[in-house]
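The structure under discussion appears below in the form of structure tokens.
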Amino acid sequence: MQTTFTGRVWKFGEAISTDLMVPGSKVLANPGITPEEAAQFCMSANRPGWVDQVQPGDLLVAGTNFGCGSSRNGSQPLKVLGIACVLADSVSRIHLRNAVNTGLPTLVAPGISAFVEEGQRLEVNIVSGQVKNLDTGKTLQAQAWPEDSPPFQILMAGGLDAYMKDKVRKAGLVRA
Amino acid sequence: MGMTMAEKILASRSGKSVVAPGEYVWAKVDGTGVFGPIPMMEELGIEQVYDTARVYAVDDHFAPSPTVERANAHKALKDFATKYGIENYFEYGRHGILHQVFPEHGYVSPGDLIVSVDSHSTSYGCFNAMGAPIMEELSFVVITGQLWMRVPPSIKFTLAGTLPAYCVGKDVMLKIAADYGTDVAVYKSVEFLGPVAAQLSLGSRFTMSNMGVEIGAKCAIFEADDKTYEFLEGRMKREPQPVSPDPDARYEAEYTVDCTNLEPMVALPHDPSNSHPVAAVESERLRVDQAFLGSCTNARVEDIAVAAKILQGRQVHPDVRMIVTPASSEVWHECARLGYWEVLSAAGAMITNPGCGACPGGHLGLLADQERCISSSNRNFQGRMGSPLAEVCLASPATVAASAIKGYIADPREFM
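Residue numbers (this note's numbering), protein chains in the order written: chain A, -2 to 173; chain B, -16 to 399.
Set out below in structure tokens:
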């Protein structure tokens, strides 16, 4: 798993809900929808047209309580759209767990909204938690996961599916 | 050092005598809920769920199936339940919103650790259990019966004073969201204590635990008392192991909410923190197109009883459609027995089948562009109940009923 990300920033505001990332009337109502199709509705209510502008490797920065609300996995469309890493002043618990399980590095970084403007470039080390603004030269410390913690290990495995296959096999629940 | 309720439950379920905030544990799960098959089980060749009596299944968000795609998803859940011998599968007619129908059938006992799909799994806190929402890791839980948990810091809300008769848990929760913000409890255990916590009905506690997630909580727990057991007796399948905080429990923050002068509250778009006393906005005559009485937050018998009492002998405003979606089949049946459906349909309201209904924006009453809905549900995010150009306002069942009569957002006290 890559641990350093450099990219251009898209900024979002406070309390960006998973309803905005995964609209119920478009996605939940259509269980046959592919992740690629579903991603086209991401942020369509609050920022129409954004999905056409975002480029693979871009970074997303948000305010407090990013991913609040429903347990829908908002990280899936973000990952499909190519977002490489997410930083927010605070992140909802369910969204943070979903991000780990999806293998989309998502860090709680208090102060990040004031630290970077849209379009500036950041360098993020998800192991140390160090964030550098390449346009201003300033640095900011994000909250890194302890390296021996389950979420860090799941993230490093690339997400829950890969982690689980390994763990379930080791636990002897699967015939080799 | 003493422990909070959440710490006690996590210590017990991870085989430790003590845990502290920030610690990572692997915890044994007492119950979980699914609303779809687990493809990973096929992929790994796993032939059984961790416990067929502790995995509950229901299709609630789209009940009954409005499209062929949803019908196929429903069938896939049913086939999954059959294949793996899930004992608690609830077919339409015996179904309900998972958080309502599962406890009706013995899903939860005090002291339990429940982790389940759906963000409103915090609801189980009203039964003195730790209910924590999950999504992507459901497969892991269903296969292993375990989950990693980070022990959360706990915060205490002391509900002080006396709650006026015209207010319910919904009003208290909207007041908390307004005063402390919807991120006050992000990744924390909320513990509700104090005289009003004891005064509240179990249904009102359910509302508050349910909406704990709307202030960011990992779980939102009440202590168990006679009201808890009055509901759970005869339903529980496990011995209760109730928890209370130690006198020297460590709370990261403590807040006191004086409920004595609380008024009926309403959350205006697009966040529950945008809550105000209904009386303060009534003069704006905020037109209502739809009045929705439903969701896991407020669609139990006591919620529908309040609406029926207010609408008895009155009519829903000619410009308003009122939709009533009970939380479960048991609630539906009890409301029929008590005559509430007769009252509400005579008043011009539409009674639907049980389920999540319009709340998550799937079916049974989506909003058109520029429409406004007064809703007893839990979140009013942009686009939540249909069009992103619609407005959702949250309030108690009484305020929903009063607003349905008046045609604008109205204080229920003149009808109570």
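Here a beta-carbon is modelled for each residue, glycine too, at the ideal position from N, C-alpha and C.
Would you kindly check if the distance between the Cβ of residue j and the Cβ of residue i is under 8 Å?
i	j	result
residue 12/B	residue 169/B	no
residue 377/B	residue 157/B	yes
residue 83/B	residue 291/B	no
residue 137/B	residue 281/B	no
residue 189/B	residue 106/B	yes
residue 192/B	residue -12/B	no
residue 100/A	residue 64/A	no
residue 63/B	residue 116/B	no
residue 183/A	residue 366/B	The structure shown does not extend to residue 183/A, since chain A is modelled only from -2 through 173, so no value can be given for it.
residue 52/B	residue 29/A	yes
residue 43/B	residue 80/B	yes
residue 258/B	residue 359/B	no
residue 14/B	residue 95/B	yes
residue 270/B	residue 314/B	no
residue -14/B	residue 232/B	yes
residue 183/B	residue 144/B	no
residue 293/B	residue 398/B	yes
residue 84/A	residue 139/A	yes
residue 29/B	residue 126/B	yes
residue 173/B	residue 245/B	no
Between residue i and residue j, what straight-line distance do the alpha-carbon atoms span, to the nearest angstrom?
i	j	result
residue 171/A	residue 33/B	Caution is warranted here: a pLDDT of 49 is assigned to residue 171/A, below 50, making its placement in the model unreliable, and no coordinate value can be reported.
residue 158/A	residue 96/A	13 Å
residue 303/B	residue 238/B	39 Å
residue 173/A	residue 166/A	Confidence in residue 173/A is poor, its pLDDT being 37 and thus under 50, which makes the residue's placement too unreliable to answer from.
residue 286/B	residue 243/B	21 Å
residue 98/A	residue 181/B	39 Å
residue 327/B	residue 334/B	8 Å
residue 148/A	residue 240/B	35 Å
residue 119/A	residue 46/A	23 Å
residue 260/B	residue 385/B	14 Å
residue -6/B	residue 131/B	13 Å
residue 408/B	residue 12/A	Within the shown structure, residues of chain B are numbered from -16 to 399, placing residue 408/B beyond reach of any answer.
residue 175/B	residue 203/B	7 Å
residue 186/B	residue 142/B	16 Å
residue 298/B	residue 306/B	14 Å
residue 195/B	residue 60/A	20 Å
residue 35/B	residue 69/B	5 Å
residue 136/A	residue 111/A	12 Å
residue 8/B	residue 135/B	11 Å
residue 289/B	residue 381/B	6 Å
residue 32/A	residue 77/A	7 Å
residue 251/B	residue 312/B	31 Å
residue 405/B	residue -10/B	In the structure as shown, chain B starts at -16 and stops at 399, and residue 405/B therefore has no counterpart that could be examined.
residue 174/A	residue 10/A	Chain A is shown from -2 up to 173; residue 174/A falls before or after that span and cannot be answered.
residue 91/A	residue 35/A	20 Å
residue 318/B	residue 178/B	30 Å
residue 234/B	residue 219/B	30 Å
residue 149/B	residue 40/B	36 Å
List, in order along the chain, the chain E residues whose C-beta lies closer than 7 Å to that of residue i?
i	result
residue 147/A	In the structure shown, chain E cannot be found, because the protein chains are A and B.
Since residue i meets chain B, which of its residues come closer than 8 Å, beta carbon to beta carbon?
i	result
residue 165/A	27, 29, 126, 127
What residues of chain A sit near residue i, judged by a beta carbon separation below 8 Å?
i	result
residue 277/B	What residue 277/B touches in chain A: nothing, since even the nearest Cβ is about 15 Å away.
residue 346/B	26
residue 343/B	21, 25, 67
Starting from residue i, find everything on chain A with Cβ-Cβ shorter than 7 Å and list it in chain order.
i	result
residue 215/B	Per Cβ cutoff of 7 Å: no residues; residue 215/B is ~25 Å from chain A at best.
residue 371/B	42
residue 116/B	68, 91
residue 101/B	68
residue 165/B	12, 62, 65
residue 123/B	157, 161
residue 170/B	90
residue 349/B	22
Listing by chain order, which chain A residues have their CB less than 9 Å from the CB of residue i?
i	result
residue 233/B	The contacting residues do not exist; residue 233/B stays about 20 Å from chain A at best.
residue 251/B	Ordered by position in chain A, no residue passes the 9 Å Cβ test against residue 251/B, which lies about 14 Å from the chain.
Since residue i meets chain B, which of its residues come closer than 9 Å, beta carbon to beta carbon?
i	result
residue 16/A	343, 344, 362, 364, 365, 366, 367
residue 99/A	119
Using a Cβ cut-off of 7 Å, pull out every chain B residue sitting near residue i, in sequence order please.
i	result
residue 29/A	52
Exercise. Is the number of C-beta pairs between the segment 316 to 326 of chain B and the segment 210 to 217 of chain B that are closer than 8 Å three or more?
Worked result: By the Cβ rule, the segment 316 to 326 of chain B does not count as touching the segment 210 to 217 of chain B, because fewer than three pairs are nearer than 8 Å.
Would the segment 68 to 88 of chain A count as touching the segment 18 to 32 of chain A if we require 3 or more Cβ pairs under 8 Å?
Cβ pair count under 8 Å is three or more, so yes.
Item to check | contact_flag[the segment 54 to 67 of chain A, the segment -1 to 9 of chain A] where n(CB pairs < 8 Å) is 3 or more | outcome: With contact defined as three or more Cβ pairs closer than 8 Å, the segment 54 to 67 of chain A and the segment -1 to 9 of chain A are in contact.
### Query
Mind pulling the beta strand (DSSP E) runs of 3 or more residues that sit fully within the segment 337 to 390 of chain B?
The segment 337 to 390 of chain B contains these whole beta strand (DSSP E) runs: 355 to 358, 374 to 378.
Point to revise | Stretch-stretch touch, CB-based, cutoff 8 Å, three pairs: the segment 253 to 265 of chain B with the segment 335 to 352 of chain B | key: The count of Cβ pairs closer than 8 Å, one atom from the segment 253 to 265 of chain B and one from the segment 335 to 352 of chain B, stays below three, leaving the stretches out of contact.
> Given 8 Å as the limit, is there contact between the segment 85 to 101 of chain B and the segment 119 to 133 of chain A, that is, 3 or more CB pairs closer than that?
Replying inline: No, the segment 85 to 101 of chain B is not in contact with the segment 119 to 133 of chain A.
Length-filtered (3 minimum) beta strand (DSSP E) runs lying within the segment 24 to 60 of chain A | As far as the segment 24 to 60 of chain A is concerned, its whole beta strand (DSSP E) runs of at least 3 residues are 56 to 59.
What residue ranges within the segment 4 to 55 of chain B form continuous beta strand (DSSP E) runs of no fewer than 3 residues, ordered along the chain? If we require 3 residues or more, the beta strand (DSSP E) runs fully inside the segment 4 to 55 of chain B come out as 7 to 11, 15 to 17, 38 to 41.
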